[in-house]
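Trainee: One structure, as structure tokens, below. Some questions next.
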Amino acid sequence: MKKLINAVENVLTEQLQGMAAAHPELNISLDPKYITRVGAPFAGKVAIISGGGSGHEPLHGGFVGHGMLTAACPGEVFTSPTPDQMYEAAKAVASDAGVLFIVKNYTGDVLNFETAAEMVHSEGIKVQNVIVDDDVAVKDSLYTAGRRGVGTTVILEKVVGAAAEEGYGLDACADLARKVNSYGRSMGMALTSCIVPAAGKPTFTLAEDEVEIGIGIHGEPGQYREKLRPADAIVETLALEILDDGAYKRTLREWDRENATWVERDVIDEPFKAGDSVIALVNSMGGTPVSELYAVYRKLAELCEARDITIARKLVGPYITSLEMQGFSITLVKADAEILKFWDAPVSTPALRWGV
Amino acid sequence: MKKLINAVENVLTEQLQGMAAAHPELNISLDPKYITRVGAPFAGKVAIISGGGSGHEPLHGGFVGHGMLTAACPGEVFTSPTPDQMYEAAKAVASDAGVLFIVKNYTGDVLNFETAAEMVHSEGIKVQNVIVDDDVAVKDSLYTAGRRGVGTTVILEKVVGAAAEEGYGLDACADLARKVNSYGRSMGMALTSCIVPAAGKPTFTLAEDEVEIGIGIHGEPGQYREKLRPADAIVETLALEILDDGAYKRTLREWDRENATWVERDVIDEPFKAGDSVIALVNSMGGTPVSELYAVYRKLAELCEARDITIARKLVGPYITSLEMQGFSITLVKADAEILKFWDAPVSTPALRWGV
Amino acid sequence: MSDVITKAQVITWLENCAALLETQKAYLTELDAAIGDGDHGLNMARGFGKVKEKLPSMADASIGSILNTSGMALISSVGGASGPLYGTFFMRASTAVQARQELEPMDLVKLMEQGIEGVVQRGRAEVGEKTMLDALIPALNALKSQLEAGAGLSDALDACVAAAEAGVRSTIPLVAKKGRASYLGERSVGHQDPGATSATLILGLLRDVVKGSGVS
Amino acid sequence: MSDVITKAQVITWLENCAALLETQKAYLTELDAAIGDGDHGLNMARGFGKVKEKLPSMADASIGSILNTSGMALISSVGGASGPLYGTFFMRASTAVQARQELEPMDLVKLMEQGIEGVVQRGRAEVGEKTMLDALIPALNALKSQLEAGAGLSDALDACVAAAEAGVRSTIPLVAKKGRASYLGERSVGHQDPGATSATLILGLLRDVVKGSGVS
Ligand SMILES: Nc1ncnc2c1ncn2[C@@H]1O[C@H](COP(=O)(O)OP(=O)(O)O)[C@@H](O)[C@H]1O
Ligand SMILES: Nc1ncnc2c1ncn2[C@@H]1O[C@H](COP(=O)(O)OP(=O)(O)O)[C@@H](O)[C@H]1O
Ligand SMILES: [Mg+2]
Ligand SMILES: [Mg+2]
Ligand SMILES: [Mg+2]
Ligand SMILES: [Mg+2]
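Protein chains in written order, with the numbering used here: chain A, 714 to 1069; chain B, 714 to 1069; chain C, 806 to 1021; chain D, 806 to 1021.
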């Protein structure tokens, strides 16, 4: 294992220390681990908190700042954070306007955030959870834990963070988050595996001419393995899975603040259709350089155009990664006027910055 | 070779097509290859043009835009561009205020830009070249082609681009560029090699426990090879080479516009000293994720602090890369008030954006 | 042995859990690597390590309070899917026994019932989906029906553990429908569920302590 | 053979350069891989390929114009260090012969003198620094002194090429002080310079054409 690390046990702590040194505009707690904006809580503004396993940087810590997240909770590498992290982060940044938890749909993340929501609620803080489940590589939700939360998370955090900055209340933020999730679909592939520092060896192995299609973001096995094909062919496979995905129906569990209980909500994501505008994210899994992402973007733009889908905004780079894995993912989020307005709003975080 | 490419011959063209599709604010010519800002020439403003081999993305094309480069000329992968590229780019973007060529110190780049300067001059366009030579891994200039141009280029392009935007004339821009170069030092290392698409195999091979110290940005051999050590120890080696580097003296060749001839200029870079403020760049060679860069930043900040050197601004990420190579480089540029002012000025390019 | 479980036995049981999960770390992690992300052993060892750290300060506390503190320690240190599930199990179990200093056999049934109810509420899984419930629910059913049929605690616990062990084996041919393993679909068949395995190890240690064969 | 070089011979020479550099691509690239970046063969083949493309349209042009066009083609297609150097060589050489339709022996000397002067001005290298100049300068000196001593063009060109070949071999023990190879310092010793090698191949083809042994 060749990595820029010292002792394996300290990887996460030392990376957070480096982040703290580089970003005085962030407060970083090491025990429990959470990252907050200096100056929080902000009176009257909903605090947006996200979190998940580490190894996906810049997600989520790199998105803490003006116009995006108020706090992030990093778990161990590829392991969901624990409820005390969300609980302490929420206590540190919650205003009267309450706290929105953005949760990627993995059993571990979902359950730990649910536990945290109960704890935060019992402190008298208004709290709401929303789930991101956008990975079309997972086909059904009847026989699985449901679609994983991947690239749409980045776009959701930007859009909802801007809405909170502008003064949207907790319910409005949650509704907007639900909409962005419902409008978003993603799919990813790997050219190489990655090495979790604590494991010290690659999570899986691919032959020199093999790729893995339909991966998540934890080096977990994908849908299938195949021979390396030209970039255009791979992009077409992923993009068409997204563009042609039918209506996706499942039940999500959300916190009912009134009754302090969990309720189930049936949710249907409608397919993309001609005439839609989208925000596109062409994302590196960590080890793929931006030059190759542009080759991906080229084909994606062509495919969208052929279906009369307009890419209104785009982001090309490493935003939700799997350590040093080579590969990419595509995310498309249907964008209406409200979403575009908040996408364009100023943001100032370590990984995303414009307008300020 | 596992890359997201189609045919090897089309790699560069297709990546540029993708860039063009993603960035309507750029004009991209494919023959000869150059990237310009839409709207150029800008009356009264010096046009800043850089270029070099491809494979270092986002350098330089990703830095074309408001407040940074007016044009960039990408050569083949790791090969300097040819003079007709600079010549056409200059003709496309030059205003009456003239053109500044930013040239990294490699024989190929230097000679091709010199040829281009003569061609551009003979078109009646005011042109000046400035050299970036900041790689402390190259010790002398008497017995070599001199220090290579590496990370300082990124900071120089930002600072001088902002000055041009604010209306600095050609001589003032050139003077500022010379100052930034003189104030900047860099050094890099590789954990892995990279594969030039046309070659199809790694440029060099490192054992699973070996790293290469003092590399340039083309996968060329470095100063020496050694066993992998903890990140802190590697960072210390690189940072101390930079921080403790003595005065560096050499002769640079610059265009004399008055006499339409080349003149030699003796240049001395003074060492860093206690009390200095710096802009720090912790750069990924392409395949190293930002999380590991933060571990590097942590130690770098500690070493700077111990020497009473203040990191006034910083940039952490992939900015001047060698394809998918894993590794990092450190750049420190002494920052005075003028440099900081232009560093903080608004910039809007594919790879660097703030304030707009 | 008598037919009650003392507070000292509860404490010994939890200590033994920490010790055994440490030695079984690699085994559980290997099971998880096959159909999950290969951290279940690490997660459980870390969690019960934290539980063990809390025990010395619990000498004067009630059994309910010990279980509650253990659950909180698990929740705040395990992470992943199993952390909130095991944590919830212990915290809910604690509400069934509250301030008690020793447990009657039927208290154990109530404790497990409430704990399992918490796991079901949190994880929304049911028997047959290849999770820890495939061990826990048959174990509870066996314990309860033996006691109701008049068996002693010791025999009832033997039946309970035997049912858990059968439950673990029953997970092998199952297709996972919950947790990470569910993404594998048919490819999860042929592998034993790690969470069901750790649950069975924990129940086995309870039986051993109650029967006096557990290390103190 | 007569003692002049005709325009047709110049064109044949350039065509032959394109053909030979294509076949020697791998060899030159291999030399460059040892102490540079392994592209010299690719660069030269690409460059002279472009020169060849221009030749048909040059049938009615002067020798000076042919050389100038060739130099420009090299400059705009080779890149790297060798592009502007070879390009400058040809463009400067063209100014020595201008509108001529055939060359006297001493024209060839002037042509090489001016070309080499251009290379030196652009690249600021001198003999002994392990560059193309280590072939070009001895070659020029041999050509000139032979002609001045009264030798015929054919013999003088034989001496010229022999000197270039000796010059190439002389680069092997040298430490590179210019170009990419200079970063290797002592590690550049023991390797033959690719640029000196390509220069020698090109001079050899000129000799062959003049002596009538070159393919037309
Ligand atoms: N919804 C669920 N209900 C009950 N148990 C579950 C559920 N999801 C997962 N599990 C259990 O959790 C175990 C995995 O735990 P662990 O590996 O520690 O967490 P993670 O899957 O987050 O890495 C599985 O073997 C299974 O027994
Ligand atoms: N300053 C110089 N003067 C003369 N020749 C040079 C100089 N620098 C390099 N060369 C020649 O250029 C050759 C390398 O050319 P090439 O590989 O095509 O370009 P690059 O080094 O840019 O990849 C060297 O072998 C050497 O002969
Ligand atoms: Mg896990
Ligand atoms: Mg080259
Ligand atoms: Mg697991
Ligand atoms: Mg070369």
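Here a beta-carbon is modelled for each residue, glycine too, at the ideal position from N, C-alpha and C. Predicted model, so just to flag it, every value in this text is computed and none were measured.
Please state the DSSP three-state secondary structure of MET937 (chain C).
Mentor: Locating residue 937 (chain C) in the third sequence gives position 132, where the first residue counts as 1. Here MET937 (chain C) sits in coil by DSSP.
Trainee: Could you check where the alpha helix (DSSP H) with ILE880 (chain D) kicks off and where it finishes?
Mentor: Counting from one through the fourth sequence, the residue named residue 880 (chain D) turns up at place 75. Its alpha helix (DSSP H) spans residues 868 to 883.
Trainee: Under 9 Å between C-beta atoms, does ALA886 (chain C) make it to chain A?
Mentor: Taking the first residue of the third sequence as position 1, residue 886 (chain C) is located at position 81. ALA886 (chain C) counts as touching chain A.
Trainee: Check the Cβ of GLY768 (chain A) against every Cβ in chain C and list those closer than 8 Å, keeping chain order.
Mentor: As a working note, residue 768 (chain A) is residue 55 in the first sequence. Correct list: empty, because the minimum Cβ distance to chain C is about 11 Å.
Trainee: On the premise that GLY811 (chain B) lies in contact with LEU883 (chain B), defined as a C-beta separation below 8 Å, what is that separation, rounded to the nearest angstrom?
Mentor: As a working note, residue 883 (chain B) is residue 170 in the second sequence. As a working note, residue 811 (chain B) is residue 98 in the second sequence. Rounded, the Cβ-Cβ distance is 4 Å, consistent with contact.
Trainee: Which word fits VAL976 (chain B), buried or exposed, when buried means at least 16 other C-beta atoms lie within 10 angstroms of its C-beta?
Mentor: Sequence index remark: in the second sequence, residue 976 (chain B) carries index 263 (1-based). So VAL976 (chain B) ends up on the exposed side.
Trainee: Using a cut-off of 8 Å between C-beta atoms, extract the partners of VAL883 (chain C) located in chain A.
Mentor: One-based indexing of the third sequence puts residue 883 (chain C) at position 78. Per Cβ cutoff of 8 Å: THR795.
Trainee: Select from B:LYS715, B:ARG860, B:LEU941 the residue whose C-alpha is nearest the C-alpha of ILE955 (chain B).
Mentor: As a first step, residue 955 (chain B) is located in the second sequence; it is residue number 242 there, counting from the start. Checking every option, the nearest Cα to that of ILE955 (chain B) belongs to B:ARG860.
Trainee: Taking ASP1021 (chain B) as the query, report the chain A residues whose CB atoms sit under 8 Å from its CB, ordered along the chain.
Mentor: To locate residue 1021 (chain B), count along the second sequence from 1; it is residue 308. Within 8 Å Cβ-Cβ: nothing; ASP1021 (chain B) doesn't reach chain A, min ~16 Å.
Trainee: Relative to chain B, which residues along the stretch 1032 to 1051 of chain A have a C-beta separation below 7 Å, given in chain order?
Mentor: THR1034, LEU1036, GLU1037, GLN1039, PHE1041
Trainee: Note down, in chain order, every chain A residue with its Cβ under 7 Å from the Cβ of GLY999 (chain B).
Mentor: If you number the second sequence from 1, residue 999 (chain B) lands on position 286. The contacting residues are PRO1002.
Trainee: What residue range is occupied by the uninterrupted alpha helix (DSSP H) comprising CYS1017 (chain A)?
Mentor: As a working note, residue 1017 (chain A) is residue 304 in the first sequence. 1003 to 1019 is the span of the alpha helix (DSSP H), which, as asked, contains CYS1017 (chain A).
Trainee: Measure the alpha-carbon distance for ILE868 (chain B) versus GLY752 (chain B) and round it to whole angstroms.
Mentor: Looking up residue 868 (chain B) in the second sequence gives position 155. Looking up residue 752 (chain B) in the second sequence gives position 39. Rounded to the nearest angstrom, the two C-alpha atoms are 24 Å apart.
Trainee: Taking contact to mean 3 or more Cβ pairs, one atom from each stretch, closer than 8 Å, check whether the stretch 990 to 1005 of chain C and the stretch 973 to 981 of chain C are in contact.
Mentor: yes
Trainee: Cβ closer than 7 Å: which chain C residues qualify as neighbours of HIS931 (chain A)?
Mentor: Here the question's residue 931 (chain A) lines up with position 218 in the first sequence. Going along chain C in sequence order, the residues near HIS931 (chain A) (Cβ under 7 Å) are ASP842.
Trainee: Could you please tell me which residues of the stretch 931 to 960 of chain A, in chain order, have their CB closer than 9 Å to any CB of chain B?
Mentor: LEU941, PRO943, ALA944, ASP945, ALA946, ILE947, VAL948
Trainee: Say yes only if the C-beta of LEU938 (chain D) is nearer than 8 Å to one or more non-hydrogen atoms of ligand 2, and no if none qualify.
Mentor: In the fourth sequence, the residue the question calls residue 938 (chain D) occupies position 133. Within the chosen limit of 8 Å, ligand 2 reaches the beta carbon of LEU938 (chain D) through at least one heavy atom.
Trainee: Would you please state the rounded distance, in angstroms, between the beta carbons of THR936 (chain D) and GLY1017 (chain D)? I believe it to be under 8 Å.
Mentor: The residue given as residue 936 (chain D) occupies position 131 in the fourth sequence. The residue given as residue 1017 (chain D) occupies position 212 in the fourth sequence. Contact between THR936 (chain D) and GLY1017 (chain D) is ruled out by a C-beta separation of about 32 Å, above the 8 Å threshold.
Trainee: Scan the stretch 967 to 1001 of chain D for residues whose Cβ lies nearer than 8 Å to a Cβ of chain B and list them as they occur along the chain.
Mentor: Using a CB distance below 8 Å, the part of the stretch 967 to 1001 of chain D facing chain B consists of VAL980, LYS982, LYS983, GLY984, ARG985, SER987, TYR988, LEU989, GLY990, ARG992, ordered along the chain.
Trainee: Should the stretch 958 to 971 of chain B be called in touch with the stretch 996 to 1008 of chain B, which here means at least 3 C-beta pairs below 8 Å?
Mentor: no
Trainee: With a threshold of 8 Å, establish whether the CB of SER887 (chain D) neighbours any heavy atom of ligand 6.
Mentor: Here the question's residue 887 (chain D) lines up with position 82 in the fourth sequence. Yes, the beta carbon of SER887 (chain D) sits closer than 8 Å to at least one heavy atom of ligand 6.
Trainee: At a Cβ threshold of 9 Å, is ASP884 (chain B) touching chain A?
Mentor: The residue labelled residue 884 (chain B) in the question sits at position 171 within the second sequence. No, ASP884 (chain B) lies away from the interface with chain A (no Cβ there is under 9 Å from its Cβ).
Trainee: Quick one: does the C-beta of SER793 (chain B) sit closer than 8 Å to a heavy atom of ligand 4?
Mentor: Reading the second sequence from its first residue, position 80 is the one you call residue 793 (chain B). Yes, the beta carbon of SER793 (chain B) sits closer than 8 Å to at least one heavy atom of ligand 4.
Trainee: Check the DSSP bridge columns for VAL886 (chain B) and list the partner residues they point to.
Mentor: Against the second sequence, residue 886 (chain B) aligns to sequence position 173. Just to set this straight, residue 886 (chain B) is Cys in the shown sequence, not Val. In DSSP, CYS886 (chain B) forms no bridge with anything.
Trainee: In three-state DSSP terms, what is SER906 (chain A)?
Mentor: Along the first sequence, read from residue 1 onward, the residue named residue 906 (chain A) stands at position 193. Here SER906 (chain A) sits in coil by DSSP.
Trainee: Let me check you understand the geometry: is the CB of PRO999 (chain D) closer than 8 Å to at least one non-hydrogen atom of ligand 6?
Mentor: Mapped onto the fourth sequence, residue 999 (chain D) falls at position 194. Yes, ligand 6 has a heavy atom inside 8 Å of this Cβ.
Trainee: Can you tell me the Cα-Cα spacing of ILE880 (chain D) and ILE761 (chain A), whole angstroms?
Mentor: Position 75 of the fourth sequence holds residue 880 (chain D). Position 48 of the first sequence holds residue 761 (chain A). Roughly 57 Å separates the two Cα atoms.
Trainee: Just the chain C side, please: which residues come within less than 7 Å of GLY821 (chain A) by C-beta, in chain order?
Mentor: Counting from 1 along the first sequence, the entry for residue 821 (chain A) is found at position 108. Chain C residues near GLY821 (chain A): GLY884, GLY885, ALA886.
Trainee: Can you check the stretch 717 to 764 of chain A for any alpha helix (DSSP H) of at least 4 residues that lies completely inside it and give the ranges in chain order?
Mentor: List check, alpha helix (DSSP H) in window: 724 to 735.
Trainee: Apart from the five residues on each side of it in sequence, which residues of its chain come closer than 8 Å, Cβ to Cβ, to GLY995 (chain C)?
Mentor: By one-based count along the third sequence, residue 995 (chain C) stands at place 190. These residues qualify, in order along the chain: ILE977, PRO978.
Trainee: Following a CB-centred definition, is LEU890 (chain C) positioned closer than 8 Å to any heavy atom of ligand 8?
Mentor: The ligand content of the structure shown is limited to ligand 1, ligand 2, ligand 3, ligand 4, ligand 5 and ligand 6, which means ligand 8 is not among them.
Trainee: What would DSSP say about ILE977 (chain D), mapped onto helix, strand or coil?
Mentor: Stepping through the fourth sequence from its first residue, residue 977 (chain D) is reached at position 172. Coil, per DSSP.
Trainee: Counting contacts by CB-CB distance shorter than 9 Å, is LEU933 (chain D) in contact with chain B?
Mentor: Looking up residue 933 (chain D) in the fourth sequence gives position 128. Before going on, a small fix: residue 933 (chain D) reads as Gly here, not Leu. Chain B contact via Cβ: absent.
Trainee: Inspect the CB distances between the stretch 777 to 792 of chain B and the stretch 824 to 838 of chain D and report whether three or more fall short of 8 Å.
Mentor: no
Trainee: Would you say the beta carbon of ASN848 (chain C) comes nearer than 8 Å to a heavy atom of ligand 1?
Mentor: Within the third sequence, residue 848 (chain C) is the residue found at index 43, counting from 1. Flag set: Cβ of ASN848 (chain C) near ligand 1.
Trainee: Establish whether the CB of PHE791 (chain A) and some CB of chain C are separated by less than 9 Å.
Mentor: Position 78 of the first sequence, counted from the start, is the residue given in the question as residue 791 (chain A). Cβ-Cβ to chain C under 9 Å: yes for PHE791 (chain A).
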